[in-house]
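So the sequence lines, in the order shown, correspond to chains A and B.
For the first sequence, the positions run 1 to 120 when my numbering is used.
For the second sequence, the positions run 1001 to 1120 when my numbering is used.
Where a beta carbon is used, it is the ideal one built from N, C-alpha and C, also for glycine.
Only a predicted model underlies this, so the values are computations on that prediction, with no experimental measurement involved.
Protein chains: 2
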Amino acid sequence: MKKVAVINSSETCQTRIVAIKDAMEILSGKWKFHIIGTLIHGEKLRFMELLREVDGIGAKMLSKELQDLEMNHLVSRTVLNTKPATVEYQITDFGKSLAPIIDEIAKWGIAYRNFVYTNS
Amino acid sequence: MKKVAVINSSETCQTRIVAIKDAMEILSGKWKFHIIGTLIHGEKLRFMELLREVDGIGAKMLSKELQDLEMNHLVSRTVLNTKPATVEYQITDFGKSLAPIIDEIAKWGIAYRNFVYTNS
DNA sequence: CAGGATCCTTTACGATACTG
DNA sequence: CAGTATCGTAAAGGATCCTG
């Protein structure tokens, strides 16, 4: 009984560590959260629109990050047959499940500012 | 009235972006969450203990990350006058405010696994 | 318009050896 | 014990030019 409990708790802990590693691997980098945040906000954006809205990013980075996000099922990509071709990016339903994380991070970032400001 | 609303929402949006940038700057890297998680779990750990508990990290990285975290008020460092000197690291109260973020990320990491597993 | 190719700079990270 | 110094590699990020 005790043994089972220990094993379970150990497994839970390992699971958490692996889960955090997974998540960070997918979400790491300078731009992921900005892109996702932008897409959650304004569904269906074209490449150029994202390039403008995600402040400071370059075309290469945006392209690469979008591919990553698409590969991980967080963003969908639709090519419209116009000419010249336009492409629409959209957050997936699963991608939307990141909203709570982004909210928490934003909240904490604000709290951090207040804290540093108050204690300096 | 409309104008005020727009300005407010724009300011709020900017604030969020900056907050996320702040937070990610402080929390980015391969090890921050693991170290913080470990310290939240088991208050008062020495350098060597952390080196053992944070799986895979090297002394140089640990040292540098701890300095970062201390500088950002997330971790406190206490030198005990024993010989040879031992040092205790401890999460600060403010550092503990990261717990919700870590929880959300861990939750999401698990959900991600399930999602990918189910859709593949 | 949407991006790939190329080249370059800068960080991140890691192994090893060494010191108070 | 708790680090620092040094060196080296790999990955991230960016500027510019080019193409269907």
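For this session: Grab the span of the beta strand (DSSP E) containing I1091 (chain B) for me, first residue to last.
Result: The count along the second sequence starts at 1 and reaches residue 1091 (chain B) at position 91. For I1091 (chain B), the enclosing beta strand (DSSP E) starts and ends at T1086 to I1091.
Problem set entry | Burial state of Y117 (chain A), where buried means 16 or more other Cβ atoms lie within 10 Å | The residue you call residue 117 (chain A) lines up with position 117 of the first sequence. Y117 (chain A) comes out exposed.
Exercise. From M24 (chain A) to T82 (chain A), what distance separates their C-alpha atoms?
Worked result: Indexing the first sequence from 1 puts residue 24 (chain A) at position 24. Indexing the first sequence from 1 puts residue 82 (chain A) at position 82. Looking at the backbone, the Cα of M24 (chain A) and that of T82 (chain A) are separated by about 37 Å.
Problem set entry | Same chain only: Cβ atoms within 6 Å of E70 (chain A), ignoring 5 sequence neighbours per side | Here the question's residue 70 (chain A) lines up with position 70 in the first sequence. Sequence-distant Cβ neighbours of E70 (chain A) in its own chain, meaning closer than 6 Å and more than five residues away, are R77.
Exercise. Going by alpha carbons, who is nearest to T92 (chain A) out of A:H41, A:R16 and A:V18?
Worked result: To locate residue 92 (chain A), count along the first sequence from 1; it is residue 92. Comparing Cα-Cα distances from T92 (chain A) to each of A:H41, A:R16 and A:V18, the minimum goes to A:H41.
Exercise. Given a threshold of 16 other Cβ atoms within 10 Å of its Cβ, counted over all protein chains shown, does A1059 (chain B) qualify as buried or as exposed?
Worked result: Counted from its first residue, the second sequence places residue 1059 (chain B) at position 59. Around the beta carbon of A1059 (chain B), fewer than 16 other beta carbons lie within 10 angstroms, which makes this residue exposed.
For this session: Evaluate D128 (chain A) with the Cβ neighbour count: other Cβ atoms within 10 Å of its Cβ, from every protein chain shown; 16 or more gives buried, anything less gives exposed.
Result: Outside the displayed range of chain A (1 to 120) lies residue 128 (chain A), so it cannot be described from this structure.
Exercise. CB L1027 (chain B) to CB F1033 (chain B), shorter than 8 Å?
Worked result: Taking the second sequence and counting its residues from 1, the one referred to as residue 1027 (chain B) is at position 27. Taking the second sequence and counting its residues from 1, the one referred to as residue 1033 (chain B) is at position 33. Closer than 8 Å, so yes.
For this session: Check T118 (chain A) in the structure and name its three-state DSSP category.
Result: Taking the first residue of the first sequence as position 1, residue 118 (chain A) is located at position 118. Note: T118 (chain A) maps to helix in three-state DSSP.
Exercise. Can you tell me the Cα-Cα spacing of I1017 (chain B) and Y112 (chain A), whole angstroms?
Worked result: Indexing the second sequence from 1 puts residue 1017 (chain B) at position 17. Indexing the first sequence from 1 puts residue 112 (chain A) at position 112. Between the alpha carbons of I1017 (chain B) and Y112 (chain A) lies a gap of roughly 14 Å.
For this session: Report the neighbours of Y1112 (chain B) on chain A: residues whose CB is nearer than 9 Å to its CB, in chain order.
Result: Position 112 of the second sequence, counted from the start, is the residue given in the question as residue 1112 (chain B). Correct list: A19, D22, A23, I26, N72, H73, F94 and S97.
Exercise. Since F1115 (chain B) meets chain A, which of its residues come closer than 8 Å, beta carbon to beta carbon?
Worked result: The residue given as residue 1115 (chain B) occupies position 115 in the second sequence. Ordered by position in chain A, the residues that pass the 8 Å Cβ test against F1115 (chain B) are H73 and F94.
Exercise. Do you know how far the Cα of L1050 (chain B) is from the Cα of K1107 (chain B)?
Worked result: By 1-based counting over the second sequence, the position of residue 1107 (chain B) is 107. By 1-based counting over the second sequence, the position of residue 1050 (chain B) is 50. In a straight line, the C-alpha of K1107 (chain B) is about 24 Å away from that of L1050 (chain B).
Exercise. What first and last residue would you give for the alpha helix (DSSP H) that runs through L74 (chain A)?
Worked result: In the first sequence, counting from the first residue as 1, residue 74 (chain A) sits at position 74. From DSSP, L74 (chain A) is part of no alpha helix (DSSP H); its letter is neither H nor E.
For this session: At 3 residues or longer, and completely inside the segment 1036-1061 of chain B: list those beta strand (DSSP E) runs for me, N to C.
Result: Within the segment 1036-1061 of chain B, there are no complete beta strand (DSSP E) runs of at least 3 residues.
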